[in-house]
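Following the working numbering, the numbering of the sequence shown begins with 8 at its first residue and continues without gaps.
Glycine is no exception: its CB is placed at the ideal position from the N, C-alpha and C atoms.
Structure first, commentary second.
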Amino acid sequence: MTVLDLDKIDLQLLAALQHDGHATNPQLGERVHLSASQVSRRIQRLQEAGLIDRCVTLLRPAKVGLTVTAFTRVSLQRHGEAHNDAFDRAVAAMPEVLECYSVTGPYDYQLRIVAADLEAFAQFMMHRLMRVPGVRSVESSVVLQEIKRTTELPLEQLKGS
């Protein structure tokens, strides 16, 4: 299934699930005017097609004691598949790193990192991230205030909505 195969109801279901992953099939059916069994079949089809990655519960970092969020840019000393793969594996094993992207521009990677406080963040940077073999430089920006945080994709931009 490609994006072109999605109809208006599929997009409405995906939007509703993005907003509330705990919504039941009957609740979703009320929103899109389908029976619970029809909703179930559509969701199963969307899952099988790989459109739905997983259902999770989003926590507020500060409420669980992770008060520091930082965006960190990383440059590697050398480039190539082996060097990038080694860095990718190292970062994938670090629970403090919530997101990691290979990016264009003066840096090779952009990471979103959380820590309990500035001291914990500094310890992570100095004793874990900066010690990954091949890391040339890092630059971080600590978040002062969260303005917007969402995981909902703007599905209204897609054909069919």
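Endpoints, the beta strand (DSSP E) within which residue i is located
| i | result |
| --- | --- |
| residue 117 | 116-122 |
| residue 80 | 75-83 |
| residue 105 | 104-109 |
| residue 159 | Neither: residue 159 is in no beta strand (DSSP E) and is coded neither H nor E. |
| residue 142 | 142-149 |
From the options, residue whose alpha carbon lies closest to that of residue i
| i | options | result |
| --- | --- | --- |
| residue 52 | 146, 144, 12, 67 | 12 |
| residue 102 | 132, 153, 88 | 132 |
| residue 63 | 75, 25, 155 | 25 |
| residue 156 | 65, 32, 123, 34 | 65 |
| residue 73 | 125, 44, 130 | 125 |
| residue 107 | 23, 130, 77, 128 | 77 |
| residue 14 | 30, 159, 50 | 50 |
| residue 159 | 32, 60, 43 | 60 |
| residue 47 | 57, 110, 31, 56 | 31 |
| residue 87 | 130, 100, 109 | 109 |
Cβ distance (whole Å) where residue i is taken to contact residue j below 8 Å
| i | j | result |
| --- | --- | --- |
| residue 38 | residue 54 | Between residue 54 and residue 38 the Cβ distance is about 18 Å, and since that is not below 8 Å, they are no contact. |
| residue 105 | residue 119 | 5 Å |
| residue 121 | residue 68 | 5 Å |
| residue 22 | residue 162 | 5 Å |
| residue 151 | residue 145 | Their Cβ separation, rounded to whole angstroms, is 19 Å, which puts residue 151 and residue 145 out of contact at 8 Å. |
| residue 75 | residue 128 | 5 Å |
| residue 16 | residue 35 | At roughly 10 Å, the Cβ-Cβ gap does not stay under 8 Å, so residue 16 and residue 35 are not in contact. |
Boundaries of the alpha helix (DSSP H) in which residue i is found, first to last residue
| i | result |
| --- | --- |
| residue 98 | 88-99 |
| residue 43 | 43-55 |
| residue 126 | 125-134 |
| residue 23 | 15-26 |
| residue 35 | 32-39 |
Practice problem: Report yes or no: do the region 134-141 and the region 81-98 share at least 3 C-beta pairs separated by less than 8 Å? | Solution: yes
Quiz prompt | At least three beta-carbon pairs within less than 8 Å, the region 109-129 to the region 65-81 | solution = yes
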